[in-house]
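Residue numbers (the working numbering): 45 to 423. Yeah, the Cβ is synthetic: ideal placement off N, Cα and C, and Gly gets one too. All figures in this text were calculated on a predicted structure; none of them were measured in a lab. Here the structure comes first, spelled out in structure tokens, and everything after it is commentary.
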């Protein structure tokens, strides 16, 4: 073997991924005394912790935290509240955020941690309700919206600074909601009313709130951002279009709003709900005639049914008649959570582990390196 060929072989060993385990899917038990319905909304980077909400017939919904070692555990309630939903978790799974309410209303955003339990976050000035939707990687920045008699306003919360309003887009009613935040808390996304309709936005401290536009349609702007990549560069969501009531999108500063399409057998609409750290993997659902199907979108393969992906990777789907919705994906792109139909239950939460795949640029980098070596040897 010559030196160039030897180098190629050695480089290939470096870029090929090590698959530590086959793909799998695990059903997540609901909290007791309920009807079995549960929805996960967040997953830790290593897949060991999941947060969401579970129906308990006597009290309504209660937030849960599932871990591999302890199973499904309720998070409790804020004082005076009897319903609670968890909508996001920190990267290590130790912090959960969401909102809690009573039977008469009174919604308040919360932050829960393993060490301090549940803490209410309060409201913006003159606020009567608040809701938390997203949290930064370390759990220190929480985003959502606060509601008053004047309307709704997106907020960013930290322990040091409290709750700060982010304003809204110009020209519309007083309305903005924050639904996602970057890993370091510096980029916030959501939706707001503008003079042209409801529009997805991206907010930073230096630039303020900027509308991201929408797909062309007859009803003006109709777009919603549901999440943002850890690096803050990729925004996901959905927008009304000429061909669909809602179509999943992926936004970057250099490409703008890019449609992700729909699944072939579920062509009515699609919704992007979760993204990996760099936006290269996106999950959500595609809809048709009152049924929906979970999808996984990647830059290399486009939108595919999550069921098909798992089957191809050798997953045993016995008991699962359908995976209805994928609600979140871990930062590293390995773990997907959602719900589906399982052994007669219509809304059974799950966590699926995908096989590792090569980084998109790995093989290209290998080819470039080989070309350089060969060229130098020929000189």
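Asked: Which same chain residues, not among the five before or five after residue 201, have their C-beta less than 6 Å away from its C-beta?; Found: 165, 186 and 207
Asked: Which same chain residues end up closer than 8 Å to residue 334 when comparing Cβ atoms and leaving out the 5 residues on each side of it in sequence?; Found: none
Asked: Opposite residue 385 in the DSSP bridges: which residues?; Found: 366
Asked: What first and last residue would you give for the beta strand (DSSP E) that runs through residue 355?; Found: Segment 350-356 is the alpha helix (DSSP H) holding residue 355; no beta strand (DSSP E) there.
Asked: Alpha carbon to alpha carbon, how far is residue 331 from residue 393?; Found: 19 Å
Asked: Could you please give the first and the last residue of the uninterrupted beta strand (DSSP E) stretch that includes residue 71?; Found: 68-72
Asked: What's the call for residue 358, buried or exposed, on a 16-neighbour Cβ count within 10 Å?; Found: exposed
Asked: How long is the line joining the alpha carbons of residue 286 and residue 374, rounded to whole angstroms?; Found: 32 Å
Asked: Give me the Cα-Cα distance between residue 253 and residue 212, rounded to the nearest whole angstrom.; Found: 7 Å
Asked: Under the three-state reduction of DSSP, which class applies to residue 159: helix, strand or coil?; Found: coil
Asked: Taking residue 74 as the reference, which of 90, 115 and 67 has the closest Cα?; Found: 115
Asked: Looking at residue 291 and residue 306, is the spacing between their C-beta atoms short of 8 Å?; Found: yes
Asked: Mind checking whether residue 193 and residue 137 have CB atoms under 8 Å apart?; Found: no
Asked: What does the alpha-carbon distance come out to for the pair residue 145 and residue 132?; Found: 17 Å
Asked: Looking only at C-alpha atoms, which of 140, 203 and 205 sits nearest to residue 176?; Found: 140
Asked: Between the Cα of residue 383 and the Cα atoms of 320, 351 and 152, which residue gives the shortest distance?; Found: 351
Asked: My assumption, with CB atoms under 8 Å, is that residue 119 sits in contact with residue 156. Please give the rounded CB distance.; Found: 5 Å
Asked: Can the beta-carbon of residue 281 be found less than 8 Å from the beta-carbon of residue 293?; Found: yes
Asked: Distance check for residue 313 and residue 288, CA to CA, integer angstroms please.; Found: 6 Å
Asked: Report the option in 302, 376, 369 and 199 whose CA atom is closest to the CA atom of residue 230.; Found: 199
Asked: Out of 274, 273 and 299, which one is the CA nearest neighbour of residue 257?; Found: 299
Asked: Can you have a look at residue 89 and say buried or exposed, based on whether 16 or more other CB atoms are within 10 angstroms of its CB?; Found: buried
Asked: Could you give the DSSP three-state label for residue 390: helix, strand or coil?; Found: strand
Asked: Would residue 427 pass as a contact of residue 188 if the rule is Cβ separation under 8 Å?; Found: Absent from the structure is residue 427, since the part of the chain shown begins at 45 and ends at 423.
Asked: Please look up how many angstroms separate the CB atoms of residue 232 and residue 210, rounded, as I've assumed it's under 8 Å.; Found: 6 Å
Asked: Using DSSP with H/G/I as helix, E/B as strand and the rest coil, what is residue 310?; Found: strand
Asked: Going by Cα to Cα distance, which pick from 399, 152 and 220 is closest to residue 121?; Found: 152
Asked: Helix, strand or coil for residue 75 per DSSP?; Found: coil
Asked: What residue from 321, 215 and 339 has the CA that sits closest to residue 311's CA?; Found: 339
Asked: Exposed or buried, which one is residue 33 when buried takes at least 16 other CB atoms within 10 Å?; Found: For residue 33 there is no data in the structure shown, the boundaries of the chain being 45 and 423.
Asked: Quick one: Cα of residue 112 to Cα of residue 94, how far?; Found: 9 Å
Asked: So, at 6 Å on beta carbons, what are the nonlocal neighbours of residue 80 in its own chain, with the 5 sequence-adjacent residues on each side left out?; Found: 74 and 389
Asked: Taking its Cβ as the centre, do 16 or more other Cβ atoms sit within 10 Å of residue 355, making it buried, or is it exposed?; Found: exposed
Asked: Let me know the secondary structure DSSP gives residue 191 once reduced to three states.; Found: strand
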